[in-house]
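In our numbering, the protein residues as written are 17 to 1236.
Here it is in structure tokens:
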């Protein structure tokens, strides 16, 4: 058998006395060594002396190819105790030097097995040599951690019993006990060994060694605790410890060490005790024993005392983990986890999510801790790289590896006869314009439309009574309160439709309208075109020149504090308008009297019309039309009347009525305070320890059919969410100024809790309130990385500052003690909900404030904006609004067509008009991603603008736009689904015309275009991303998918046009919020039914994208360190348009073989590594865990911080899931 060749070490002579001694002992092996034991002792003693006195001697042995083999062979054949000891001393000296290479050589030569063999032989001697046992265990402790099969070898050789018996017989021999405990710790790292050791009383033995505080033998105690902690990773041993009453013993010992270790010199011992508690509480019995032994109070008090000392963070971290794990799992305080609202579907597909939902018995299902769901121990990770390798191994499983599916192939399964009905949505492709006066006034240039703006709103339906918001407070002194009915009628009867001059008037700084029409290049001087030809030259110059940043930035100090700016600016809006309070529409009595808490009906504690702010008051409110050309409060109310909601909302929220004027200042990401999460967790734990301090009073509950606002004579806040896009199911007052909030699930679903939008009133000034949203589902959130919630103050709006602002302090997001139903968790037990907690105070007494996850954008807002866009149309713009289809809820889904009118009726101009490339855009398939609608608003405003760039863009393309793919979900406050209870962006492969009408008909439009050979040049679906920063894109690429997988493919298999990278690359150059590094072009199996992949694969659109906009902020570019606002989102929509124009010019240049070949240039950039994983049933989500990992047990970066096992599992499930 060939011996492995060992690496030689430099500087060693070829012949020496050491080599002669090695040769001599090699010749003595076998019978000679037995016959001449004295000589063997002499030779081995000389070798030991040389190694101890000459450093080169050790290198000399290792350099000799068979040096280690000779020593091990001598050890194996030796029967003399002294000779054996000499050889063990030699090995100890050799293996104590170096970085582990010598130990690896020792293991590879079979040294571990030889040591066990000698151990077994020595144990049979009576009595065994103490010195020999000491040296054997010392070597085994050194070798064990490096030998992967150490535990197996020990078990098969019978060494476990030997070591345990040796410990039992030498409990007072500290010198021998220490190496034995080291070896026992290594034994126990193998789960099978740990169970075997438990059977021979290994656990009980450890409790005989550990003891109360003492300054003696602390090293021994530390090793014993490490060994006990390893033993308790076995659930069998954990049960044995519980049955023996050792949980209380561990708590008492921890208390004793905590109390006496005042100088914090024995942190490792205290940490070892906590690790034992952590492992024993991995089983249900251990958790119960911990609670019964008052462990929550003990650890909470000790942790609180440790908080001021940063070096004690490892103790606080582990204590926090144990307490959170042992906190009894509670059910959500709901009668059912299903949505509070129900919508009857036309039919329920068998086996679908809705059928499964309603096949289960009523009530919140099995959330009780019935099993040891997390009883297996949390394995200590060796290195982060090991975890990364596991993650990558798992994540790559989702990448598509079937080459046949990676080739885009037009699979138009529907016959063209079925698709011909969609020809009516493409009148522009056959229009001859013979009935038009193309250069005439706007009134003679009307667009043919299958639905006018007003008809988009189900005009056939009778309008519902809608209550316009009113303020509860006494109006300011300078606001006239009319005493006559005529004044009130006048106020009510005459709308506030702004005049054309009002639309174009220049507002006072600092609140300024976002001028998407006059978008300009910030690096160059803005040039004005005096004629059409001059304008063309300007555009040509802009597009051919190197990329420059497009900026809509106001010249403001980005570092100005947002709140300070709001206070100092004063009212920027000079014009005011008066509204009736409350305004009754259609002569129908209002359902809402007063505003605080949105009381419905007198039975619910209505304050009546005689209260302050009642029916007789007239409020002076800002005329936001000066700053918001597309906003009209009266028009918005009309749109709300014609919007169908499942709860039949009859109220209008203040922010949607008044509108939102984006502030010009930037709001920085919130800096996370050290220790804030732990303090919140400890406050939650105090609820269990001091239950009498908890009020637990329900103040708002949608499950009470006709009276969700619970009458309260105290100082409780009043809540309301009964308006379009509102979401808050229940509010519980837990402490005087603290409230637990429960979100409503998506209709026909029992999960997807993330979007919230609710009203709060009845607050006190100068008081800090804490709000806890307790049923979030995602395992991480940008709220842990600087994101804040949004608040809208009605008092601020009335004072002239109608805007959403970021608010909240002490914000964090963490796992709580409310158990998720296994039904809602896809059959997985033991999952928990997460809490988003934030604190805030209010500046105005009796204000009415609104809180939202992100800037709200309702379906009625969209209809109002589309109606106002129609008013902005000029004779040069071709704009048509169609009704694509009717949704399940009875709302109309709008479809827009935007392009430029032909220059004349000549055949050449008509031909050019009809043959413009198509761009297909869509947004808001996920209702909770409101930022997608703000980006779409920016796109639409730019397209309808009068700038040279906008005109050129309209002349270059025909735009087909579905601005809201999921109106029903938006209206009813869903986060993810439509009324069918399904994620519409997972239905593109086989949409059902009844259950998914908007997807079915949108796909049909694309199929029709493919049939007539007019597939879009670009398809882009606007989305929002909750776990990443910046704006970025997802596309589809054969090559990049293959690169990220293990597919074997030839170069001929990977032929692909590289143009899919062109548009993202352009955006990365001109849009400061866009990040090319965050973009990905990998195709995943779990995304095969999304719009992006289906349009790429079936329609054959190479440039098929999802554009993701952050809900948080940016970590690169000029917006780095700031939270994103509507101004930046609308700017992004406008910059997307500019990028399309540049794409058109660049494609034209490339086709004519001059200019810059962008596609070939950008592909030279190496694709970033992309990780992806299968989506889970529970969240089926797109947003990956944010790359900045956070320890959910604490904020410490200490290496000893213990990651929470369940959290790590969930994070791995969702890590780097690409979003669509």
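Glycine included, C-beta positions come from ideal geometry on N, C-alpha and C. On a predicted model such as this, the values are computed, not experimentally measured, just so you know.
So who's on the other strand from residue i, going by DSSP bridges?
| i | result |
| --- | --- |
| residue 705 | Residue 705 is not bridged to any residue. |
| residue 867 | 774 and 807 |
| residue 755 | 749 and 787 |
| residue 830 | 851 |
| residue 910 | 899 |
| residue 684 | 1138 |
| residue 735 | 776 |
| residue 184 | DSSP output for residue 184 lists no bridge partner at all. |
| residue 1129 | 1139 |
| residue 792 | 850 |
| residue 821 | 807 |
| residue 894 | 915 |
Closest to residue i by CA distance: which of the options is it?
| i | options | result |
| --- | --- | --- |
| residue 35 | 138, 79 and 329 | 79 |
| residue 1026 | 1143, 333 and 435 | 435 |
| residue 304 | 344, 751, 213 and 324 | 344 |
| residue 237 | 277, 1058 and 289 | 289 |
| residue 431 | 1028, 441, 743 and 963 | 1028 |
| residue 1120 | 683, 258 and 1110 | 1110 |
| residue 1284 | 967, 174 and 225 | A query on residue 1284 cannot be resolved here, the shown segment of the chain reaching from 17 to 1236 and no further. |
| residue 948 | 986, 286, 1162 and 974 | 986 |
| residue 866 | 836, 855 and 773 | 773 |
| residue 901 | 441, 1053 and 809 | 441 |
| residue 9 | 282, 204 and 438 | Any property of residue 9 remains undetermined from this structure, which presents the chain solely from 17 to 1236. |
| residue 975 | 962, 937, 988 and 968 | 937 |
| residue 813 | 672, 760, 712 and 146 | 672 |
| residue 1044 | 1015, 1132 and 1013 | 1132 |
Any idea what DSSP makes of residue i, helix, strand or coil?
| i | result |
| --- | --- |
| residue 224 | helix |
| residue 803 | coil |
| residue 877 | helix |
| residue 98 | helix |
| residue 1025 | helix |
| residue 667 | strand |
| residue 1149 | helix |
| residue 1039 | strand |
| residue 973 | coil |
| residue 743 | strand |
| residue 937 | strand |
| residue 835 | strand |
| residue 1120 | strand |
| residue 1052 | coil |
| residue 883 | helix |
| residue 660 | coil |
| residue 108 | helix |
Pull up the CB-CB distance for residue i and residue j, whole angstroms please, since I reckon it's below 8 Å.
| i | j | result |
| --- | --- | --- |
| residue 107 | residue 87 | 7 Å |
| residue 674 | residue 818 | 5 Å |
| residue 806 | residue 822 | 6 Å |
| residue 1041 | residue 1125 | 7 Å |
| residue 244 | residue 222 | 4 Å |
Quick check: does the Cβ of residue i come within less than 7 Å of any heavy atom belonging to the ligand GDP?
| i | result |
| --- | --- |
| residue 907 | This structure lacks the ligand GDP; in fact it carries no ligand of any kind. |
(request) Could you tell me whether the region 362-369 touches the region 845-860, using the rule of 3 or more Cβ pairs below 8 Å? (result) No contact exists between the region 362-369 and the region 845-860.
(request) Could you say if the region 826-842 and the region 730-747 meet the contact criterion of at least three C-beta pairs nearer than 8 Å? (result) With the cut-off at 8 Å, the region 826-842 and the region 730-747 do not touch.
(message) Pairs of beta-carbons, one from the region 63-77 and one from the region 96-114, closer than 8 Å: are there three or more?
(response) Below 8 Å, enough C-beta pairs join the region 63-77 and the region 96-114 to call them touching: three or more.
(message) Any contact between the region 881-895 and the region 1001-1008? By contact I mean 3 or more CB pairs, one from each, below 8 Å.
(response) Short answer: they don't touch.
(message) Is it the case that the region 980-996 contacts the region 917-928, given that we only count it when at least three CB pairs across the two stretches are under 8 Å?
(response) Contact check between the region 917-928 and the region 980-996: fewer than three CB pairs, one atom from each, fall below 8 Å, which does not count as touching.
(message) Any contact between the region 944-953 and the region 867-886? By contact I mean 3 or more CB pairs, one from each, below 8 Å.
(response) Under the three-pair Cβ rule at 8 Å, the region 944-953 counts as touching the region 867-886.
(message) Three or more C-beta pairs under 8 Å: does that hold for the region 793-803 against the region 299-316?
(response) Segments in contact, no.
(message) Closer than 8 Å is the cut-off here; do at least three beta carbon pairs connect the region 196-214 with the region 150-158?
(response) The region 196-214 makes contact with the region 150-158, as at least three CB pairs between them are under 8 Å.
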